[in-house]
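The structure under discussion appears below in the form of structure tokens.
Chains as they are written, first to last, in my numbering: chain A, 1 to 67; chain B, 1 to 67; chain C, 1 to 67; chain D, 1 to 67; chain E, 1 to 67; chain F, 1 to 67.
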């Protein structure tokens with residue numbers, strides 16, 4: 001299945017910090033870091049761990065431009 | 001000033017499509033495209049145009065992980 | 001592939017309104033309507049049309065509670 | 001008062017997990033689960049508990065389509 | 001009913017620009033402007049017009065800090 | 001540098017609650033409170049503390065209207 005989200009950046013999970021509700025996942029994308037704050041439940045449901053091949057997915061309406 | 005948003009990806013504006021309220025800005029970041037849907041007013045206020053050096057800025061809570 | 005977004009509601013596309021940059025997609029999910037504002041480009045890339053079987057996907061951090 | 005958010009799904013609170021800052025609220029909506037990550041403070045301010053009749057509220061710009 | 005969104009800033013609608021799908025609503029809140037990009041449909045459903053007493057509502061997870 | 005986010009409300013940090021992953025920052029803006037849920041990491045990276053002069057920054061697509 002395909003997702004409408006315009007930004008899907010492939011990379012590798014570098015580190016994960018688990019809180020009780022939220023988790024922070026750092027993904028290495030072509031040498032720079034992309035950080036995701038998702039629920040801890042999602043980390044567990046996807047069995048996410050350092051080294052996993054993933055994509056960081058971002059809806060276009062969530063992206064700002066700094067100039 | 002520094003912004004709390006964890007993701008600030010530097011790149012170059014590749015194209016802009018203007019609607020009456022919204023605008024779509026495509027940024028080339030290290031060879032891949034990042035797409036932003038921002039207000040037309042912001043495009044005009046920043047005088048955004050193709051070729052501009054910018055950063056695509058994304059709050060960590062807006063990033064999902066696909067595995 | 002699996003997505004970290006916790007909410008994935010299956011339904012059928014009921015109607016689509018296209019703007020120049022954005023589009024509004026109404027999905028019938030078990031008899032009630034879910035409305036998505038996505039880019040027109042995504043509607044075209046997914047070849048979305050009324051009657052399509054889809055899922056409305058929502059990150060948990062975007063859901064509020066009204067009581 | 002009425003809210004501009006297009007998606008207001010009525011249901012019943014099924015479970016709540018409290019973290020120190022965030023909380024996860026699962027709502028049963030017509031037999032399927034909708035998950036919200038809101039602040040712990042909001043859970044306390046609304047006196048949310050399992051069994052409460054609520055609505056899960058989502059702005060249309062936060063909804064993606066998967067096909 | 002009460003909403004979990006932590007930020008509810010009362011003000012007066014100053015101007016509205018309608019696109020085909022989206023609309024931009026500027027609200028005067030205690031002398032400064034808050035801008036909302038909502039669907040055109042919501043503007044029509046709420047019969048929003050300049051001069052209306054409203055609240056600009058923002059979920060805490062959508063607020064960033066610049067220092 | 002300038003940011004496309006339309007809402008940048010200047011104020012003073014009133015309080016901070018730190019969780020393991022997320023943090024809640026309350027900003028006093030002209031006498032009313034604006035609440036931000038950002039990552040703990042961002043609070044530490046910005047050395048945020050009560051009394052700091054900051055701006056609460058919000059993308060227009062994240063603002064709803066209640067009437």
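Where a beta carbon is used, it is the ideal one built from N, C-alpha and C, also for glycine.
Keep in mind the model is a prediction, meaning the values are calculated, not measured.
For residue 4 of chain A, the chain C residues whose Cβ falls inside 7 Å of its Cβ are 38, 42, 46, in order along the chain.
Chain B has a Cβ within less than 7 Å of the Cβ of residue 61 of chain E. Taking the beta carbon of residue 57 of chain E as reference, the chain D residues within 9 Å of it are 3, 4, 5, listed in sequence order. Rounded to whole angstroms, the gap between the alpha carbons of residue 62 of chain B and residue 49 of chain E is 31 Å. Shortest Cα-Cα distance from residue 37 of chain E to any of F:8, F:12, F:4, F:59 involves F:59.
Counting other Cβ atoms within 10 Å of its Cβ, residue 39 of chain F reaches 16 or more and is therefore classed as buried. When the five nearest sequence neighbours on each side are left out, the beta carbons in the same chain lying within less than 8 Å of the beta carbon of residue 12 of chain C are those of 27, 28, 51, 52, 53, 54, in order along the chain. Listed by position along chain F, the residues whose Cβ is nearer than 8 Å to that of residue 19 of chain A are 19, 20, 21, 22. For residue 67 of chain E, the closest Cβ of chain B is nearer than 7 Å. For residue 36 of chain F, the enclosing beta strand (DSSP E) begins and ends at 32-39. A distance below 6 Å between beta-carbons, with the five flanking residues on each side excluded, links residue 6 of chain F to the following residues of its chain, in chain order: 60. For residue 57 of chain E, the enclosing beta strand (DSSP E) begins and ends at 53-58.
Separation of residue 8 of chain B and residue 67 of chain A (C-alpha to C-alpha, rounded to the nearest whole angstrom) is 11 Å. Three or more pairs of CB atoms, one per stretch, sit closer than 8 Å, so the segment 12-25 of chain E contacts the segment 14-26 of chain C. Distance from the CA of residue 2 of chain A to the CA of residue 31 of chain E, rounded to the nearest whole angstrom, comes to 45 Å. Note that the C-beta distance between residue 25 of chain C and residue 65 of chain D is below 7 Å.
Scanning its chain for C-beta atoms nearer than 6 Å, with the 5 sequence neighbours on each side dropped, one finds around residue 10 of chain B the residues 55, in chain order. If you look at residue 66 of chain D, you'll find it in the beta strand (DSSP E) that goes 64-66. Under DSSP, residue 12 of chain A takes part in a beta bridge, and its partners are A:28, A:53. Per DSSP, reduced to three states, the secondary structure at residue 23 of chain A is strand.
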